[in-house]
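Protein chains in written order, with the working numbering: chain Z, 1 to 404; chain L, 1001 to 1404.
Glycine is no exception: its CB is placed at the ideal position from the N, C-alpha and C atoms.
If you're wondering where the values come from, they're calculated on a predicted model, not measured in any experiment.
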């Protein structure tokens, strides 16, 4: 990609270990939580009515045995895992170009979400100027929040072409280095550090539980399931866990074709653009060629699954009300898959033997009370619509999901 | 109180230590969290406009130095600290009357909130029948939730007289022992176990931070601030911390006189009844004679403070959106006091010297997305009203608060 500094690191677990050493002083070791209610729910067959209109209609719902472990990146700095990749990318730039040059040049990105905040934080930490290009229609709180991190905000139109143009002009004026949100090796390796912590934290929990006599069986994770938007975090975790025996799965929303990774891998060709307004707004982006190359390799990512908007809302309610954990909608697609995607549940029932320890990534918690209110108010309105006999859009979504 | 078995334990730290040994196998050691943003906010003077209409209008806002530590009892079993008292009360009954007799008699309570769920859980754990008397107008989800814990639900009218009558009849039929929500020594001692964990967890955090070179100064808490409804938890913590040098403060909503503890202690006489619809619905109850006797003793509780409904909402938004921690409105009155009660902030600025480490109790997390939506929707409606030039009820509340 133009304006980036290409990485010189191979996409290997060794590179992730090195990345972890670099960023450890700057990131939080986020907690891993367990929840008996949710593990019990995951280990209980779905109601047969949940399978109506799916390929499994009339079949006996799967009965997997699942213990859940949650990596709470909503407690990460800036409220999402993106801090990992941003600190790694910037630290590596400083190593290679020198701090003086980076302070002269600065960094730029065209994301307006969690990556922008993460890059702004990393840049401020090292006294490097950060330029964030965001559409002029962005919500004022997002603009103010980014400026509060000390970043320079540049406004653009909403299309990617218009944004790219503003990035060009920032680069022309300042010499800033582009740090993309996911399409870069250093970003991917940074996000992958999460899986290093996750596996070792779960091993600690299992060892403690065994010592206390409250758990027996396996000593570590059998699988990790993570949300997939641009695919930086999923491919990072897959690189970290490659060859370790821990399976890696990706989860996406199905709404309006947001499951581009799943569909692309199934068809054997990357889907280069996506246009969706899924409530999981962090997952509206397509894979890049780089993340596709990792995610489409079945020795790295063992499967991709999609969930409906209703699945996401149901999972989100459980995480908020039962786990008391504040997450954004994108964060719960992995849990939604484990609880509601019958294809995934049948896989675990079939291959899981005595049961699987599944690590679920909660990717972030950057949402607002108003956003949550509107997500759930929508449903109430649509429910009312259905009760009056109309066929809501929701029905169509659910059919779309099971096609996968 | 009729139908209870009187305790034979003195209200001392030694009794709390013994209580902790009894209940430890049944409760979670809830985490203590810190948050840089909130500590920074607490250490920043309020905007002078926040003092308009208060006794400090025109004065320079206080500039206390505060490090915050949060005891997250929203992660406790059943989602609130009440599990501590319920397990203690029942374990003690079993010790004294024997498990066979308790299984024959059962337990009964007339709370329909967190205490009912806690008692139902404790009773189920020991195979003891639990009878919960709740108003027939209770929300269906609360009724179903209590039944799901295996408890027998008995319906009554809404007044305390009507409830008491149903309790009478349950006791007459079953011989059940009444376990009240706060007016009992064993309950108070159970809730006080929280302060044992809190002080030692904060000492660990401070020692680790010191070892890592990221913090200097004190080695423990200077103060604990906790919500006060019936006063069981506040008095329990005060008993635990009595004589340790850690100051204890109580926080209440001011709306419609919900600050009965503060007003009663100021006037030198307990206020026996309260009628308020504060959004902090766990704090609508008055002190009992027993909890008043502890809380009105300044060597136990060093001060009581009240906060407005707006203060509670503002604090709740920070805890959800910034800390990513899902709490009920009652849980945040302590934080609201630290952030917005100028009288408390002036005390810390005056007496705090190099600054205070303040432990804030998050008492529980049992609320719903719908309840939060309605709490914040109310505000939006009232804000709209104010913008149109009407004087909302909110204004009156804020004036009421500063009288404290």
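How is residue i classed by DSSP in three states: helix, strand or coil?
i                       : result
residue 1300 of chain L : coil
residue 1114 of chain L : helix
residue 1243 of chain L : coil
residue 333 of chain Z  : helix
residue 326 of chain Z  : coil
residue 53 of chain Z   : coil
residue 141 of chain Z  : helix
residue 6 of chain Z    : coil
residue 251 of chain Z  : strand
residue 1063 of chain L : coil
residue 87 of chain Z   : helix
residue 361 of chain Z  : strand
residue 131 of chain Z  : strand
residue 1109 of chain L : strand
residue 1068 of chain L : strand
By the 10 Å Cβ neighbour count, where 16 or more other Cβ atoms means buried, how is residue i classified, buried or exposed?
i                       : result
residue 186 of chain Z  : buried
residue 1227 of chain L : buried
residue 1345 of chain L : buried
residue 1149 of chain L : buried
residue 1036 of chain L : exposed
residue 1254 of chain L : buried
residue 298 of chain Z  : exposed
residue 147 of chain Z  : exposed
residue 251 of chain Z  : buried
residue 140 of chain Z  : exposed
residue 1089 of chain L : buried
residue 262 of chain Z  : buried
residue 159 of chain Z  : exposed
residue 1025 of chain L : exposed
residue 77 of chain Z   : buried
From residue i to residue j, what does the alpha carbon distance come to, in whole angstroms?
i                       : j                       : result
residue 1070 of chain L : residue 1157 of chain L : 38 Å
residue 1116 of chain L : residue 1109 of chain L : 7 Å
residue 173 of chain Z  : residue 111 of chain Z  : 19 Å
residue 260 of chain Z  : residue 269 of chain Z  : 10 Å
residue 1314 of chain L : residue 1357 of chain L : 22 Å
residue 11 of chain Z   : residue 162 of chain Z  : 32 Å
residue 1200 of chain L : residue 1065 of chain L : 22 Å
residue 1123 of chain L : residue 1005 of chain L : 16 Å
residue 20 of chain Z   : residue 231 of chain Z  : 19 Å
residue 104 of chain Z  : residue 94 of chain Z   : 11 Å
residue 1031 of chain L : residue 53 of chain Z   : 43 Å
residue 296 of chain Z  : residue 305 of chain Z  : 13 Å
residue 1044 of chain L : residue 1038 of chain L : 10 Å
residue 1364 of chain L : residue 1083 of chain L : 11 Å
residue 1074 of chain L : residue 1367 of chain L : 10 Å
residue 1224 of chain L : residue 352 of chain Z  : 47 Å
residue 337 of chain Z  : residue 63 of chain Z   : 14 Å
residue 1056 of chain L : residue 1343 of chain L : 9 Å
residue 33 of chain Z   : residue 1323 of chain L : 16 Å
residue 1169 of chain L : residue 1300 of chain L : 38 Å
residue 1040 of chain L : residue 1339 of chain L : 10 Å
residue 1277 of chain L : residue 1284 of chain L : 7 Å
residue 176 of chain Z  : residue 151 of chain Z  : 13 Å
residue 183 of chain Z  : residue 317 of chain Z  : 32 Å
residue 145 of chain Z  : residue 1047 of chain L : 19 Å
residue 312 of chain Z  : residue 1294 of chain L : 48 Å
Once the 5 residues before and after residue i are set aside, which same chain residues still bring their CB inside 6 Å of it?
i                       : result
residue 1209 of chain L : 1215
residue 192 of chain Z  : 16, 236, 237, 239, 240
residue 1325 of chain L : 1319
residue 206 of chain Z  : 219
residue 1178 of chain L : 1003, 1004, 1108
residue 1079 of chain L : 1364, 1365, 1366
residue 1221 of chain L : 1199, 1202, 1246, 1357, 1359
residue 195 of chain Z  : 237, 240, 241
Starting from residue i, find everything on chain B with Cβ-Cβ shorter than 7 Å and list it in chain order.
i                       : result
residue 1079 of chain L : In the structure shown, chain B does not exist; the protein chains are Z and L.
Suppose only complete runs of 3+ residues qualify. What are the beta strand (DSSP E) ranges in the stretch 148-236 of chain Z, listed by chain order? 152-156, 223-227
Continuous alpha helix (DSSP H) assignments of at least 4 residues falling wholly in the stretch 1258-1318 of chain L: 1260-1267, 1289-1295, 1309-1317
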